[in-house]
Amino acid sequence: MTVDSIVIIGAGMTGGNAAVTLRGEGFRGRIVLIGNETAIPYGRPPLSKTYLRNEGGLDGWLVKDADWYASNDVELLASTTARSVDTHERLVALGADEPIRYDRLLLCTGGRPRRPDIAGIDLPGVHVLRTIADCDAIKHAARPGMRAVVVGMGFIGSEVAASLSQLGLSVTAVMSGDAPLTNVLGDELGAAMASIHREHGAELIANDRVVGFEGSTSVDRAITRAGARIDCDLVVVGAGIELNLDVIAQTTIELDNGILVDARCQTNFEDIYAAGDVANQLHPLFGRVRVEHYNNAEKMGRFAARAMLGDQRPYDYVHTFWSDQFEHSLEYVGHAVRWDNVAIRGDVAERKFLAFYIEDGTLRAVAGLNRGGDPELDEGSELHACQQLVARRAAPPIEALSDERVDLRELAGAT
């Protein structure tokens with residue numbers, strides 16, 4: 006089929022990179038990029054880190070400058086909500102405006118912050134974080150000496166807790182597990198991250214959850230299931246995201262923990278693709294995965310653009326992500342939702358080590374705390390070697406992974 010018109014629903018990092026790649030690959034047809042934020046496509050990592058702490062703007066995180074879209078004949082419809090998709094007529098409805106026809110459709114609708122069913126969650130002073138506007142609201146409210154409660158210590162919660170502590174607020178974090186990020190990183194790294202936050206003055210309440218907020222004109226107290234009553238001036242809820250799937254609610258696009266796509270990001274409709282947070286991809290290495298990190302959003306958007314133009318290669322990216330909290334840097338390669346063994350190389354007490362996640366003898370992922378280097382930028386780094394090992398489904402001896410005398414780069418080359 007001749008492809009004359011491509012519509013992209015979702016103008017975040019994924020959609021923006023898809024549009025740029027389409028033009029870069031020589032596509033000269035119509036491109037419509039629909040987004041419900043006022044901002045042009047940008048990366049979200051600074052919203053929980055440098056931008057939140059007033060240490061920098063977002064210029065370096067823009068997919069392209071504002072004038073690029075018009076200069077390259079990309080119709081960027083900001084502050085616009087796509088209402089529905091007609092898969093038979095190949096139309097995207099935009100409320101009262103005329104529907105837009107597509108030959109190819111890319112769904113990268115992402116998600117919105119989950120707002121748990123907690124009494125008082127709508128009180129002024131209770132915040133979530135996803136957009137620039139969300140971040141600006143937190144920045145406007147946060148002042149040194151104030152008391153902040155952070156609900157949830159996943160990546161967003163942990164990074165926000167660190168940033169608020171750095172801004173001079175007194176932080177109390179409530180989490181359902183034993184330590185931050187244990188479900189993703191395991192006990193060793195979780196305990197290390199907990200000690201880092203406590204060292205910077207945060208109070209961590211583990212194995213508990215917030216069940217209510219109290220206040221007359223704004224929030225002034227959080228109540229936990231175990232009975233803790235935490236006085237506070239502001240709250241940030243980091244409870245993950247709910248996927249934005251409303252636009253395809255009336256279609257037969259297959260769903261299961263996101264939009265089901267094959268290795269090429271194609272849905273059960275040959276002319277419809279999905280990428281980014283919302284895509285549950287059949288990955289050649291990891292099986293079914295849905296990944297919510299920046300690196301995947303950027304790369305999957307580019308890949309989906311090429312796939313829509315006929316590229317038959319699978320999206321086999323060996324996932325990476327990072328998290329900066331205080332002066333500490335966490336890097337991760339691979340994808341592991343379960344493991345039966347963890348090998349440690351380095352010094353946990355010094356917070357400078359690698360953790361290797363092994364399932365049935367196969368290395369599935371590696372995390373480095375203040376060690377390993379950036380696998381995306383430094384091909385000579387330890388974590389780049391680990392990325393190669395994961396990609397090859399390597400099953401090195403645990404003793405070799407733990408032994409500092411064994412060079413991981415040589416091990417990757419030998420494998």
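So our numbering is basically just the index in the sequence shown, starting at one, shifted up by 5. The beta-carbon is built from N, C-alpha and C at its ideal position, and this holds for glycine as well. Small disclaimer: the values here were computed from a predicted structure and weren't measured.
Starting from V73, trace the beta strand (DSSP E) in both directions and tell me its first and last residue.
Before going further, note that residue 73 is Trp rather than Val in the sequence given. Where W73 is concerned, there is no enclosing beta strand (DSSP E), although the alpha helix (DSSP H) it sits in stretches over A71 to S76.
Mind checking V37: buried by the 16 CB within 10 Å criterion, or exposed?
Buried, since its Cβ has 16 or more Cβ neighbours within 10 Å.
Would you tell me roughly how many angstroms separate the C-alpha atoms of G116 and G245, rounded to the nearest one?
For G116 and G245, the distance between alpha carbons rounds to 9 Å.
Suppose you measure from the CA of I235 to the CA of L174; what does that come to, to the nearest Å?
Computed Cα separation, rounded: 14 Å.
Roughly how many whole angstroms lie between the Cα atoms of R95 and I126?
Going by C-alpha positions, R95 is about 40 Å away from I126.
Residue(s) in a DSSP beta bridge with L368
L368 is bridged by DSSP to I363.
How far does the alpha helix (DSSP H) with Q330 in it reach, from first residue to last?
From DSSP, Q330 is part of no alpha helix (DSSP H) but of the beta strand (DSSP E) over T325 to Q330.
Which residue from A75, Y47, G61 and F274 puts its Cα closest to that of R35?
A75
Helix, strand or coil for K357, going by three-state DSSP, please let me know.
strand
By Cβ distance, which residues of its chain are closer than 8 Å to E247, with the 5 residues on each side in sequence left out?
G116, R117, P118 and R119
Taking Cβ to Cβ, would you say F326 is nearer than 8 Å to Y362?
no
Cβ-based burial, V342 [other Cβ within 10 Å; buried from 16]
exposed
Start and end of the alpha helix (DSSP H) containing N346?
No alpha helix (DSSP H) contains N346, which is instead part of the beta strand (DSSP E) from N346 to D352.
The alpha helix (DSSP H) enclosing S407, as first and last residue numbers:
I403 to S407
Is it the case that the Cβ atoms of S168 and R58 are separated by a distance below 8 Å?
yes
Alpha carbon to alpha carbon, how far is Y337 from L63? Give it in angstroms, no decimals.
Between the alpha carbons of L63 and Y337 lies a distance of about 24 Å.
Could you check whether A280 and C113 sit closer than 8 Å to each other, using their CB atoms as the reference points?
yes
May I ask you to check if the CB of L63 is nearer than 7 Å to at least one heavy atom of the ligand COA?
For the structure depicted, the ligand COA is absent and the ligand set is empty, with no information on it obtainable.
Tell me where the alpha helix (DSSP H) around V189 begins and ends.
T187 to E204
Just tell me which of S407, D321, D141 and K304 has its CA closest to the CA of V353.
S407
Is the number of C-beta pairs between the segment 125-141 and the segment 15-31 that are closer than 8 Å three or more?
no
Whole-Å CB distance - C270 paired with Y320, under 8 Å assumed:
6 Å
With a Cβ-Cβ cutoff of 8 Å, do P380 and H389 count as a contact?
yes
Across which residues does DSSP place N249 in a beta bridge pair?
Partner(s): none; N249 has no beta bridge.
Which residues share a DSSP beta bridge with N285?
Residue pairing of N285 in beta bridges, as defined by DSSP: L265.
With a cut-off of 8 Å, does the C-beta of G377 fall near any C-beta of chain C?
Among the protein chains of the structure shown there is no chain C, as only one such chain exists.
Tell me, please, which residues DSSP counts as bridged to V241.
H132 and V155
Secondary structure of H298, DSSP reduced to three states:
Judged by DSSP in its simplified three-state form, H298 adopts coil rather than helix or strand.
Please name the residue in I105, N273 and L111 whose C-alpha comes closest to that of G22.
The amino acid at residue 22 is misidentified as Gly; the sequence shows Asn. Checking every option, the nearest Cα to that of N22 belongs to L111.
Buried or exposed for P185, please, with buried defined as at least 16 other CB atoms from any protein chain shown within 10 angstroms of its CB.
So P185 ends up on the buried side.
Determine the extent of the beta strand (DSSP E) in which S175 is found, giving its start and end residues.
S175 to V179
Determine, using beta carbons only, whether G130 and G243 come nearer to each other than 8 Å.
no
Alpha carbon to alpha carbon, how far is L287 from V294?
7 Å
Please tell me whether L394 and G377 are closer than 8 Å, where the distance is taken between their beta carbons.
Against a cut-off of 8 Å, the Cβ pair of G377 and L394 comes out as no contact.
Report yes if the C-beta distance between L413 and E387 is below 8 Å; otherwise report no.
yes
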